[in-house]
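Residue numbers (this note's numbering): 2 to 305.
A short write-up of the structure that comes next.
Below, the structure is given as structure tokens:
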């Protein structure tokens with residue numbers, strides 16, 4: 002079982018009214034929420050951990066998770082508002098404006114964390130920015146990383162980061178502790194500066210970190226292990242928008258590794274090219290479906 006640890010929020014997606022006015026429609030979202038949703042639709046039966054509001058917007062989030070087979074019982078109900086993220090699309094690329102002050106997401110405390118029963122944990126997104134829940138998630142990952150497989154995709158949003166030094170330090174600590182690291186090419190450049198992506202990615206490998214995946218948009222994704230590198234091209238898709246593409250890839254990768262029995266530390270250390278390629282391919286194909294639809298709407302297994 003995979004426990005997804007991170008944000009759930011309401012994405013306010015751009016639409017046009019019948020009168021031609023610009024408008025926003027509320028949709029359940031958040032990077033880690035999207036990954037959990039996609040894992041559920043791919044049949045992986047994941048769990049989800051986030052401070053979730055007890056208001057009607059929190060109910061929308063819980064209902065959406067349940068519809069996709071995600072167990073949200075680890076997530077506490079908190080008497081705090083739900084985070085809102087207004088999305089603007091320019092040429093299919095998303096930018097965000099967050100409204101998150103004193104939210105349920107930010108109010109998660111260490112004492113809210115239930116006993117972990119999953120064999121793998123996934124972390125990422127804006128939930129890792131700042132103190133509060135960011136520290137809670139970091140502490141949880143570092144405590145579990147000794148005995149369970151952990152994966153991180155920081156999904157960096159520079160406009161959301163107020164203390165770059167503290168944030169960068171947290172991400173570097175979590176990267177060093179993770180068994181699996183996924184970064185976009187833009188994330189890697191933000192963290193390590195300009196340079197050869199393959200060289201920078203392979204520098205992240207260690208006796209702890211066994212797999213580093215770098216996504217490059219339409220070019221595809223490359224998985225790096227000590228044994229070598231595997232490139233899986235992105236399937237052709239008619240891009241509507243890119244919201245949730247990376248999150249869906251994460252789910253496909255994890256679902257593929259899980260189905261192959263590879264979400265254990267010994268299995269990752271001995272990961273073969275065929276298993277890695279199949280997992281990368283599942284992630285890429287799932288992401289291709291997501292970008293062809295408006296909003297983060299991951300596919301079910303039957304759609305692939």
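Don't be surprised by glycine CBs; every beta carbon is placed ideally from N, CA and C.
Take residue 169, set aside five residues on each side of it, and the residues of its chain with a beta-carbon closer than 8 Å to its own are 192, in chain order.
Comparing alpha carbon positions, the residue from 40, 29, 39, 84 closest to residue 63 is 29. Straight through space, the alpha carbons of residue 202 and residue 184 are spaced by roughly 9 Å. The beta carbon of residue 5 lies closer than 6 Å to those of 33, 36, 37, 47, 49, 123 in the same chain, with the five residues before and after it left out. Per DSSP, the continuous beta strand (DSSP E) segment holding residue 13 begins and ends at 10-17.
Checking the DSSP bridge columns, you'll see residue 229 partnered with 226. For residue 23, the uninterrupted beta strand (DSSP E) segment begins and ends at 23-30.
Taking all protein chains in view, the Cβ of residue 14 is crowded by 16 or more other Cβ atoms within 10 Å, so the residue is classified as buried. For residue 72, there is no enclosing alpha helix (DSSP H), as DSSP marks it with neither H nor E.
In the three-state DSSP reduction, residue 142 falls in the helix class (H, G or I).
Per DSSP, the continuous beta strand (DSSP E) segment holding residue 88 begins and ends at 85-91. Under the 8 Å Cβ criterion, the region 261-272 does not count as touching the region 18-25, having fewer than three qualifying pairs. By the neighbour-count definition (other C-beta atoms within 10 Å, threshold 16), residue 111 is an exposed residue.
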